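Undergrad: The structure is given below, and queries will be raised subsequently.
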Amino acid sequence: MVEKEIYYKKNNPLRISQGDLLTNVKIPILKKELDIVISPYLIVLSQDCDLNQDFDAHNQIKTINFDESNKKISSFYNKMIPSIVVVPAYPADNLREGTHLNFLDLEMTKIGKEKDTRWKILIQNETPRYHYLGGSENLDIINLALDFKRYYTLSREYLYSVFPECYFLSLKELYREDLSHRFFNFQSRIGLP
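Numbering (my numbering), first residue to last: 0 to 192.
As structure tokens, this is what we get:
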């Protein structure tokens, strides 16, 4: 395991932040029927400014006198977000072997062997579709890899209800910004037929 604890920090958070690493979150998946799967790791990718405004608005609206003008009340609702973008973080070895989606009965393409050039390029974060985060024995986190084609939105209320028991670590600001830029660059690419 590569020691990369510089990526992570342990917070005592009151609110969900961009770059938070959550564990064992239940995600509804629609296959033939609605199914619930548990993701070992999820990383929050919604913009931190939106998450902060949402958190503040939810706290401030609790103190509002509803006899006040609708304009003031709507300014709070205008800052609230209904859902939060998350990306599963898979054990890196499972992604490399193509087994990271076995829980969905999907077998994916192998990316190569550990010493293969394709894998080396991926772990250097030079493959636009994937993002690699090295693990840390000190923080009890394994090597993780994200596949930017796999992302979800979860309701804000649900994520806050499980947040206290699911919060694990946070990416340091510099690394969360890099991850955010890479994710949204991948999502905004222009696809060619």
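Glycine included, every Cβ here is placed at the ideal spot set by N, Cα and C.
Here the structure is a predicted model, which is why all the values come from computation and not from measurement.
Should P87 be labelled buried (16 or more other beta-carbon atoms within 10 Å of its own) or exposed?
TA: Flag for P87 reads buried.
Undergrad: Within 10 angstroms of the Cβ of S74, are there 16 or more other Cβ atoms? Answer buried if so, exposed if not.
TA: The residue is exposed, with fewer than 16 neighbouring Cβ atoms inside 10 Å.
Undergrad: Are the region 19-31 and the region 40-57 touching, with three or more C-beta to C-beta distances below 8 Å?
TA: The region 19-31 is in contact with the region 40-57.
Undergrad: For Q123, which residues from the same chain have a beta carbon less than 8 Å from its beta carbon, with the 5 sequence-adjacent residues on both sides left out?
TA: If we look at Q123 and ignore the five residues flanking it on each side, its Cβ neighbours are Y131.
Undergrad: Using beta-carbon positions only, say whether D53 and I80 come within less than 7 Å of one another.
TA: Contact flag set, yes.
Undergrad: Out of N184, S169, L191, which one is the CA nearest neighbour of Y7?
TA: Checked all of N184, S169, L191; the closest Cα to Y7 is S169.
Undergrad: Just the C-alpha distance for A56 and L13, rounded to the nearest angstrom, thanks.
TA: Taking the straight line joining both Cα atoms gives about 14 Å.
Undergrad: Could you give the C-beta distance for K114 and E96, rounded to a whole number, given that I count them as a contact under 8 Å?
TA: Contact doesn't hold; Cβ gap of about 14 Å is too wide.
Undergrad: Quickly, what does DSSP pair K8 with across the bridge? List them, please.
TA: Answer by DSSP bridge pairing, in chain order: S169.
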